[in-house]
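Below is one structure, written out as structure tokens; the observations come after it.
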Ligand code: SF4
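As structure tokens, this is what we get:
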């Protein structure tokens, strides 16, 4: 990765309840006890940081906000240090759209991501996973994040978009600049967005003379309700969204799942003995380690779970914290891989439900199945360090494993 | 005595998470956008009650009802 600079530092948090900061190293490393403390204090907490930001801490409060598009807007979906003007450069429909423009923009993207469409992609996914495993299976150690989980979603979405899988490192770098460094450094974000737009423009140009059957051509050919082609800024915005949303998220979910299995031999052995349980286990791993925290902007004053919220503030809509609410999930802090009742919110709730959820589920299942088939024995390397990403998406970025049976 | 058990998806609540289809493929169908509706008239054949319950308790949007008629 060419860019290794770190975002500007924030003062360390001393008072979590009144001054929380989701970019604080303590949160990045282990957010679970922090969420518990916040939840015990109030269903909605507030910080002055990030120009004013609320955070719902219970499942119920998260659900209320996710379903309330009147008081909460999606025009800003990441909590950052600044709030630049909204322009076509920084929107990514439909995730940044509010009703009524949201629905047609979303309906456009849904058909290529149905469960049936994902089934067709599954053989390619299995091949991708096995090619990656071939690359390190002979070794006794591996960084499973850097060599495995990171490349699965990026190759999948490249395959769907019809862009070279070999450009993966380029995409990963842009996403790091947008989702992590961009929280505190506007220039990094703009640079990545510009480079990404130029990249997609070149592909759009190419397809004008040579149409293909990938998602780029699909969007170029799409018509709106009036039968008109989409504006180019819409096509570009949706392409950026698919690339940004498709990679980090699933990379994190696969990484966290492997991290859990490396530390929990009983679960690992059970899934090897009963691979039919993997889909149910994937749901539980999604609940327990939900990677994505979205945001909303309060546009009209209201109350949530009895707490007043004022316009102009952002909301850290933490689906991961909702998924750890013991009121909703008994033993919320335990990973129960055959949990039967599991209405987890890892893919969001309401109209902004993740378009790629069927893709992510398929990728996670395949990634775990293929890994467990070929590498039944693995554990954390005590000589290495696990590191976690910051901010919007949470997952292991370094995941040092020892492979094979312990001596 | 319950004569008949039926599943029903509230189309206004469903957001296409597809959990129902994964857990009870016999009882649900998805449209081209991936949103669910009950298969046929939603009648739950004997032996599939557990699957219906599983689908209901796993729908994140609380869009599924199991109705006794
Ligand atoms: S699980 Fe619920 S939201 Fe998802 S498709 Fe089924 S009914 Fe719709």
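Residue numbers (the working numbering), protein chains in the order written: chain E, 539 to 945; chain H, 230 to 298. C-beta: ideal position from N, C-alpha, C; glycine also. Computed from a predicted structure; not experimentally measured.
Residue i CB to nearest heavy atom of the ligand MG below 7 angstroms
{"i": "residue 248 of chain H", "result": "Absence of the ligand MG from the depicted structure is noted, with the ligand SF4 being the only ligands included."}
Exposure of residue i, with buried meaning 16 or more beta-carbon neighbours within 10 Å
{"i": "residue 856 of chain E", "result": "buried"}
{"i": "residue 539 of chain E", "result": "With a pLDDT of 37 at residue 539 of chain E, under the threshold of 50, the predicted position of this residue should be treated as unreliable, and no value is reported."}
{"i": "residue 766 of chain E", "result": "exposed"}
{"i": "residue 704 of chain E", "result": "exposed"}
{"i": "residue 776 of chain E", "result": "buried"}
{"i": "residue 726 of chain E", "result": "buried"}
{"i": "residue 838 of chain E", "result": "exposed"}
{"i": "residue 835 of chain E", "result": "buried"}
{"i": "residue 296 of chain H", "result": "exposed"}
{"i": "residue 678 of chain E", "result": "exposed"}
{"i": "residue 923 of chain E", "result": "exposed"}
{"i": "residue 743 of chain E", "result": "exposed"}
{"i": "residue 556 of chain E", "result": "exposed"}
{"i": "residue 841 of chain E", "result": "exposed"}
{"i": "residue 723 of chain E", "result": "buried"}
Nearest-angstrom beta carbon gap, residue j and residue i [assumed within contact, 8 angstroms]
{"i": "residue 259 of chain H", "j": "residue 649 of chain E", "result": "Residue 259 of chain H to residue 649 of chain E, Cβ: 11 angstroms. No contact."}
{"i": "residue 782 of chain E", "j": "residue 713 of chain E", "result": "6 angstroms"}
{"i": "residue 601 of chain E", "j": "residue 824 of chain E", "result": "Actually they do not touch by this definition, with Cβ atoms about 17 angstroms apart."}
{"i": "residue 754 of chain E", "j": "residue 809 of chain E", "result": "Not confirmed; about 37 angstroms, so no contact."}
{"i": "residue 900 of chain E", "j": "residue 660 of chain E", "result": "6 angstroms"}
{"i": "residue 859 of chain E", "j": "residue 573 of chain E", "result": "4 angstroms"}
{"i": "residue 682 of chain E", "j": "residue 937 of chain E", "result": "4 angstroms"}
{"i": "residue 635 of chain E", "j": "residue 612 of chain E", "result": "6 angstroms"}
Proximal chain B residues relative to residue i, where beta-carbon distance stays under 7 angstroms
{"i": "residue 292 of chain H", "result": "Note that chain B does not occur in the displayed structure, where the protein chains are E and H."}
Check distances from the C-beta atoms of the region 255 to 287 of chain H to those of chain E and list, in chain order, the residues that come in under 7 angstroms. 259, 261, 262, 263, 283, 286, 287
Assess contact between the region 909 to 928 of chain E and the region 817 to 826 of chain E, defined as three or more Cβ pairs (one per stretch) separated by less than 8 angstroms. Is contact present? no
Tell me, please, whether the region 921 to 935 of chain E touches the region 822 to 835 of chain E by the rule of three or more beta-carbon pairs shorter than 8 angstroms. yes
Validate contact between the region 798 to 814 of chain E and the region 743 to 759 of chain E using beta carbons, cut 8 angstroms, 3 pairs: no
Counting Cβ pairs, one atom from each stretch, are 3 or more of them under 8 angstroms apart for the region 840 to 851 of chain E and the region 900 to 915 of chain E? no
Relative to chain H, which residues along the region 887 to 905 of chain E have a C-beta separation below 7 angstroms, given in chain order? 887, 888, 889, 891, 895, 896
Using Cβ-Cβ distances below 8 angstroms, what residues of the region 645 to 662 of chain E are close to chain H? 645, 648, 649, 651, 652, 653, 654
Which of the residues in the region 867 to 885 of chain E, read from start to end, lie with their CB under 8 angstroms from any CB of chain H? 878, 879, 880, 881, 882, 883, 885
Which residues, taken in chain order from the region 805 to 824 of chain E, show a beta carbon closer than 8 angstroms to some beta carbon of chain H? 817, 821
State whether the region 272 to 291 of chain H contacts the region 240 to 259 of chain H, with contact taken as three or more CB pairs (one from each stretch) at a distance under 8 angstroms. yes
Name the residues in the region 235 to 246 of chain H whose C-beta lies less than 7 angstroms from a C-beta of chain E; which are they? 244, 245, 246
Assess contact between the region 683 to 697 of chain E and the region 788 to 795 of chain E, defined as three or more Cβ pairs (one per stretch) separated by less than 8 angstroms. Is contact present? yes
Tell me, please, whether the region 616 to 625 of chain E touches the region 636 to 648 of chain E by the rule of three or more beta-carbon pairs shorter than 8 angstroms. no
Within 8 angstroms, do at least three Cβ pairs link the region 663 to 676 of chain E to the region 876 to 894 of chain E? no
If contact is defined by three or more beta carbon pairs under 8 angstroms, each pair taking one atom from either stretch, is the region 592 to 609 of chain E in contact with the region 857 to 876 of chain E? yes
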